[in-house]
Amino acid sequence: MYSQIAANKRKTVYIMLFFVALIAGLAYLFSAFYGGNHNVFYGGLIGSVVYAVITYFAGSRMSLAVNGAQEIQKSDNPRLWRIVENLAITDGLPMPRVYIMPDPALNAFATGRDPKHSAVCVTAGLLDAMNDSELEGVLAHELGHIKNYDIRVSMMAFALTAVISLLADVMLRATFFRNNDDNEGGGNMLFFALGIVAAIVAPIIATLIQLAISRQREYLADATGALTTRYPDGLASALEKIGQLGSATRKQNTSTAHLFFASPLRGHSLANLFSTHPPIAERVARLRSMGTKA
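If you want it as C-alpha cells, here you go:
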C-alpha cells in the first residue's frame, strides 16, 4: 500500500513535467505565429502554469460545482455522515467534506489534493438504492482513493485537461484577431489548421492520460475498500446493483468522468471508447474472489 502511495506521488511529478513540456511546445507554436515573439512564448507559458496551479488548488471545488454537488452537515443526512465518519476513523484519515449530488444515477466520487483537503460526494440515487453494507463499500472505495493519494493524481489530470482545452480554444480564436489584409493569409490558415488539430487532439491526449492512471487505481481502491470494511461482498453487491440500474449522470462532463466510482457517461458516448473505468464484471469477480478467500 505504501509503495502505491509513493508511486502516486511520483506520477504527480511526471504529469507535471509532461504538462510543462506540452505547454512549452504549444506556447512555442503560438509565438511562432506572431513572428517568433518571445514575449508571447513566455507569456503563454507562465499564464498556462499559473492557470494550472489555480486549477489544481481550486479543482476540488470546481469538480464539485460542475456536477451540482451540495455540501451537507451531519443533521442533513445522519446515515451518510455516520458511515463516512466511521470509515475515516478506521482509515486514520481526517473527516472529509461530505456532498450529495441531486442525481438519480447510482454513483459517487472523491476529490481533493490530499487527505486534509478532501471531499466525498454521493448521488441521491445511490443513497436511495443501497443498503448500509453496500453504501459502506462504495464509500470505503472512495476513501481508499483519498488514502492512496489517487485524488492528487486526479487533480493534476483535471488541471492538465483544463489547460490543454484553454490553449486549444485560444489558438482557434487567435486567428480571428489577426489582420487579414497583411498578406499572411497562408500563415493564418496554417495556424487555424493547427488550432483545429489541437482542439481535436487535446481531449484525446487528456483522456489517454486519465486512462493510463485510472484503471489500476480503481482496482486498488476496490481492494483498499474491501480491506477497510472486511466485507468485499458488500462492495461487489453495490457494483452489481449499479450495473443493473445505471451510473450515467444527467450532467455529462468528460473532464471529471475519471473521478467517479463507475463511469458517469452514457453508453453511446464516444468517450466510452477510452473508458477510464475497468468493466464492472471484472471488478465484481475480483471482489467475490477476495470474499471466497476470506
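Okay, so the sequence shown: first residue is 76 according to the working numbering, each after it adds one. All C-beta atoms, glycine included, are put in the ideal place defined by N, C-alpha and C.
Here residue 94 has 235 as same chain residues with Cβ atoms under 6 Å from its own Cβ, once five neighbours each way along the sequence are excluded. With contacts defined by Cβ atoms closer than 8 Å, residue 309 and residue 212 form a contacting pair. Taking a contact to require three or more Cβ pairs closer than 8 Å, the segment 135 to 146 and the segment 326 to 340 qualify as touching.
Partner residues in the beta bridge of residue 187, as assigned by DSSP, are 193. In this structure, residue 175 sits near residue 145, with a CB-CB distance shorter than 8 Å.
Of the other Cβ atoms in all chains shown, 16 or more fall within 10 Å of the Cβ of residue 217; this residue is therefore buried.
Only buried fits residue 98, as 16 or more other CB atoms lie within 10 angstroms of its CB. Taking 8 Å as the cut-off, the Cβ atoms of residue 238 and residue 126 count as close. The straight-line gap separating the alpha-carbon atoms of residue 147 and residue 128 is approximately 27 Å.
The three-state reading of DSSP puts residue 94 in helix, counting H, G and I together. In this structure residue 89 is exposed. Its beta-carbon is surrounded by fewer than 16 other beta-carbon atoms within 10 angstroms.
A residue is called buried once 16 or more other Cβ atoms fall within 10 Å of its Cβ, and residue 134 is buried on that count.
Residue 221 sits buried, since 16 or more C-beta atoms from the chains shown fall within 10 Å of its C-beta. Ranked by how close their Cα comes to the Cα of residue 362, the residues 272, 209, 152 have 209 in first place. Annotation for residue 175: the continuous beta strand (DSSP E) segment containing it runs 172 to 176.
In the three-state reduction of the DSSP assignment, residue 233 falls in the helix class, which pools H, G and I.
In this structure residue 131 touches residue 188 by the C-beta definition: roughly 7 Å separates them, less than 8 Å.
For residue 319, the enclosing alpha helix (DSSP H) covers residues 307 to 320. The C-alpha of residue 207 is placed about 42 Å away from the C-alpha of residue 241.
Burial state of residue 150 is exposed, judged by a 10 Å Cβ sphere holding fewer than 16 other Cβ atoms. DSSP places residue 198 in the strand class (E or B) of the three-state scheme. Looking at the DSSP output, residue 335 shares a beta bridge with 184. Excluding the 5 residues flanking it on each side, residue 205 has same chain C-beta neighbours closer than 8 Å at 181, 213, 313, 316, in chain order. For residue 329, there is no enclosing alpha helix (DSSP H), since its DSSP letter is neither H nor E.
Distance check between residue 232 and each of 334, 119, 167, 121 places 334 closest, using alpha-carbon atoms only. When DSSP reads this structure, residue 145 sits in a beta bridge with 175. Residue environment analysis places residue 120 among the buried positions, since at least 16 neighbouring C-beta atoms fall within 10 angstroms of its C-beta.
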